[in-house]
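Read the structure below first, then the notes.
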Amino acid sequence: MARHIKIALVGNPNTGKSTLFNLLTGLNQKIGNFPGITVDKKVGYCSLADGREAEIIDLPGTYSLYPKSKDESIVFQVLADKENNSHPDLIVLVADATNLRRNLLLCSQVADLSIPMLLVLNMTDMAKKESIHIDVNKLANRLGIQVIEMSARKNEGLDILKNALSNTGLISTQLPGIDVSIFAAEAIFEVATKLNTPNNYYALQVLHQHEYLGFLSEKQQQEIEEIQQLHGFESSKIQAAETIARYRHLSTVLTDVVKVTGAERKFKMTDRLDSILTNRFWGFFIFLLILFFVFNAIFSWSAYPMGLIESGFTWITGYGHEHLPQGVLSDLLLDGVVAGLGGIVIFIPQIAILFALISILEDTGYMARVTFMMDKIMRKFGLSGKSVVPMIGGIACAVPSIMSARNIENWKDRMITIMVTPLVSCSARLPVYSLMITLVVPNKMYFGFISLQTLTFMAMYTITIVAAMLVAFVMKFILKAKERSYFIMELPVYRMPRWSNVFLTMYEKSKTFVLEAGKVIIAISIVLWVLATYGPPKRFEGINAKYQSLVKKYKNTKLTLQDSLVFDNLQRDMAAEKLENSYAGILGRSIEPAIKPLGYDWKIGIALITSFAAREAFVGTMATIYSVDYVGKDGGELRLRDKIRDAINPETGLPVFTFATALSLMLFYAFAMQCMSTVAVVYRETKSWKWPAIQFGYMTALAYVASLIAYQFLK
12 MARHIKIALV GNPNTGKSTL FNLLTGLNQK IGNFPGITVD KKVGYCSLAD
62 GREAEIIDLP GTYSLYPKSK DESIVFQVLA DKENNSHPDL IVLVADATNL
112 RRNLLLCSQV ADLSIPMLLV LNMTDMAKKE SIHIDVNKLA NRLGIQVIEM
162 SARKNEGLDI LKNALSNTGL ISTQLPGIDV SIFAAEAIFE VATKLNTPNN
212 YYALQVLHQH EYLGFLSEKQ QQEIEEIQQL HGFESSKIQA AETIARYRHL
262 STVLTDVVKV TGAERKFKMT DRLDSILTNR FWGFFIFLLI LFFVFNAIFS
312 WSAYPMGLIE SGFTWITGYG HEHLPQGVLS DLLLDGVVAG LGGIVIFIPQ
362 IAILFALISI LEDTGYMARV TFMMDKIMRK FGLSGKSVVP MIGGIACAVP
412 SIMSARNIEN WKDRMITIMV TPLVSCSARL PVYSLMITLV VPNKMYFGFI
462 SLQTLTFMAM YTITIVAAML VAFVMKFILK AKERSYFIME LPVYRMPRWS
512 NVFLTMYEKS KTFVLEAGKV IIAISIVLWV LATYGPPKRF EGINAKYQSL
562 VKKYKNTKLT LQDSLVFDNL QRDMAAEKLE NSYAGILGRS IEPAIKPLGY
612 DWKIGIALIT SFAAREAFVG TMATIYSVDY VGKDGGELRL RDKIRDAINP
662 ETGLPVFTFA TALSLMLFYA FAMQCMSTVA VVYRETKSWK WPAIQFGYMT
712 ALAYVASLIA YQFLK
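To convert a position in the sequence shown, counted from 1, into my numbering, add 11.
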């Protein structure tokens, strides 16, 4: 027996397939792309009861093998191509036990491909609550496969599933569903002969989907096209006829299998909640309250752990300066790497809380209701209800959100969604908002529970969402398309979140944030430290000569309190002058005329430049710049916020970071396209540099104008 087996999870959306994937694989999983395609590929590993290692592949959710989006087309591509690295030895079809008839349509289609499979009836706990009783043995006999009852959310039935996987052979046992040859017998026979396959349903699906199948040669594609034309193959009519035939067959299969007792409504609790949560008035009010709770939690719950992390990095820097030998390497490590990394690690608590709360909203089924409520509003702005999913996902990260726009069939709706999603404030902007808000917004409370900082934070997210809607409205008239879009979405029943899944999401997203941002931050911090520490030799020689005699006067003498203050000021002035004349300073000074109207000095200019690699780099850059520049009082180490708060504009004598400057900065980061990953994914999704170039241009212009108006109005 083979010691390694590939298992594909297949199922409708909202059946708990991803929950089961996480349950089987735990932390032993990774995300990549299917070969040659930008669709996410989730792969994990687990050990079966017989000792074999199973590679678990989580295929995109789909209602049938007939794709309506790029993601859904992947399912048949993987199942049809035996040479594909993801082609499974065994299929686990995950079905919702509360809606078995609809879920078995996909099951019967997949079964007819003759790949060994078993059926998992998930959410059986919910089915029992709704008085739905399923005769599992009778269903298994009629389908010819093993049927396992589970509740993945409650971790019930996992051991039974693993035993079943161990005992399932690699020869298909499922009974045939329908005879598909009745729909297009001659065309199916010719394709089956060309592809040398005995499976008529496989041949029929190739006739339907051959243009998606990359494993077919050009010659084979051409031959299939000719067969279609020769026999007048009408794909849409045959799909409809097959679906009707399958539902008739399933009616026979499910006779005396599913029984619903009692006269009560199936989803009584869900209906009651929906009458409130999706109400035309109260629904939106409740949604705003939930958003306020999320933003308040990000600030209030994270305060203590952020303080601990900040104090920890301050102690590490101070201890390092005190005990490590003085020199270039120590300064690089402490003022470059540690300072830059500390500027990003401190925000882990806020990132973790954000992703945890979003995961809870998705797990409970509430996020689907938000999509439903927003559909009518979105259409007025040139979008569809399906655009809500990418835009809400954009609060976490624009990259996967843009990729999820593939589910939007209408080209115009999809393009507008891609173009405006990066405007929605993502987690990478959170460190910038958090730093600026804590600097200039008082931590005042109103009515005992409404925080002024939370209101400001929520306002920044609201501004970006409004901006995205307005840009979408403009693009509605610019982009032309004849297609009409429709919004069809299944609303899942409300459920308690699976907490292990929430914590796993927190861990994975926080780890990704630190590792992905950390790589950029460390690289930028090292380069920036070098640029900020060194400059043209003649300039540095002049500065050393200017201060050498003055510093020497105080260095080897016992200093009075007055002399000590003068000595500290000399050191600070020399460090500031060296930074200003360093390579980083020269770069910052070169762009200062362009950014001065926005309220920024050349140091902020350096941060803007580095931030075009990743927005998170702003905080790391400021940490590095001010660690190089700043000499703390009595040689002590100060926190980044204290260093920035103490920064003085030499021209005005006022703090650099006034309310006007901070708001201008937040608006710039809210609107500017400062994420190379987003640029790359927009190119991949549109297959053209035209769209990312337009996106980069309009977002940068919007950021500059908004920041200019804000600063000039408030200064």
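Beta carbons are placed, not taken as given, at the ideal position from N, Cα and C, and that holds for glycine.
Compute the beta-carbon to beta-carbon distance between M677 and M447, rounded to the nearest angstrom, for a pair I have assumed lies under 8 Å. Going by Cβ atoms, the distance from M677 to M447 rounds to 5 Å, so yes, they are a contact pair.
State the Cα-Cα distance for the pair T465 and R440, rounded to the nearest angstrom. 15 Å
Name the DSSP bridge partner or partners of K270? H144
May I ask you to report which of helix, strand or coil DSSP gives D92? coil
If you draw a straight line from the C-alpha of P46 to the C-alpha of C686, how long is it? With a pLDDT of only 43 at P46, under the threshold of 50, the placement of this residue in the model should not be trusted; the figure read from the coordinates follows. The straight-line gap from Cα to Cα measures roughly 25 Å.
Collapsed DSSP secondary structure at I406 in the structure displayed: Coil at I406, not helix or strand.
Backbone CA spacing between E519 and K173 [nearest angstrom]: 25 Å
Under DSSP, the beta strand (DSSP E) around I16 begins and ends at which residues? H15 to G22 is the span of the beta strand (DSSP E), which, as asked, contains I16.
Within this structure, are the beta carbons of T689 and V443 separated by less than 8 Å? With contacts defined as CB atoms closer than 8 Å, T689 and V443 fail to qualify as a contacting pair.
By how many angstroms is the C-alpha of I102 removed from the C-alpha of G22? Taking the Cα positions, G22 is about 10 Å away from I102.
Along the beta strand (DSSP E) that carries E373, what are the first and last residues, could you check? Note, E373: premise wrong, no beta strand (DSSP E); alpha helix (DSSP H) at I359 to T375.
Nearest to K455 (by Cα), restricted to the options S311, M402 and P433: Just measuring C-alpha positions, the residue of S311, M402 and P433 sitting nearest K455 is S311.
Quick one: grab the DSSP three-state call for S183. coil
Exposed or buried, which one is K423 when buried takes at least 16 other CB atoms within 10 Å? buried
Is it buried or exposed for Q240, if we count other Cβ within 10 angstroms and need 16 for buried? exposed
Y709 in three-state terms, based on DSSP: helix
In this structure, how does DSSP classify N25 when only helix, strand and coil are distinguished? When secondary structure is reduced to three states using DSSP, N25 falls in the coil class, being assigned neither helix nor strand.
Same chain only: Cβ atoms within 6 Å of M137, ignoring 5 sequence neighbours per side: If we look at M137 and ignore the five residues flanking it on each side, its Cβ neighbours are T109.
For A203 and I369, I'd like the C-alpha separation in whole angstroms. 47 Å
To the nearest angstrom, how far is the alpha carbon of F629 from that of A618? So the two alpha carbons sit approximately 5 Å from each other.
Distance between beta carbons of Q185 and M128, contact taken as under 8 Å: 6 Å
Given a cut-off of 8 Å on the beta-carbon distance, is the pair T467 and V477 in contact? no
Closest by C-alpha distance to K557, when choosing among L539, G405, M585 and P547: M585
Can you list, in chain order, the residues of its chain with a C-beta nearer than 6 Å to that of Y74? Leave out the 5 residues immediately preceding and following it. N23
Inter-residue spacing [alpha-carbon to alpha-carbon] between G72 and R417: 13 Å
Residues bridged to G599 by DSSP? G599 pairs with nothing; no bridge assigned.
Can you say whether G647 is buried or exposed, counting buried as having 16 or more other CB atoms within 10 angstroms of its CB? Low confidence applies here, because G647 scores a pLDDT of 44, under 50, leaving its location unreliable and the question unanswered by this model.
Where does M161 fall in DSSP's three states? coil
Roughly how many angstroms separate the alpha carbons of V191 and D267, rounded to a whole number? 26 Å
Restricting to Cα atoms, I'd like to know which of L70, I554 and K28 is closest to H98. L70
Should R259 go down as buried or exposed, given a rule of 16 or more other Cβ atoms within 10 Å for buried? exposed
Residue(s) in a DSSP beta bridge with E229: In the DSSP output, where bridge partners are listed per residue, E229 has none listed.
A367 versus Q88 - alpha carbon distance: 33 Å
Do the CB positions of Q232 and L76 come within less than 8 Å of each other? no
Our contact map puts S462 next to N307 with C-beta atoms below 8 Å; I'd like the distance itself, whole angstroms only. 6 Å
Among residues of its own chain, excluding the 5 on either side of Y505, which ones have a beta-carbon nearer than 8 Å to its beta-carbon? So the qualifying residues of the chain are M280, T281, L284, T375, G376 and Y377.
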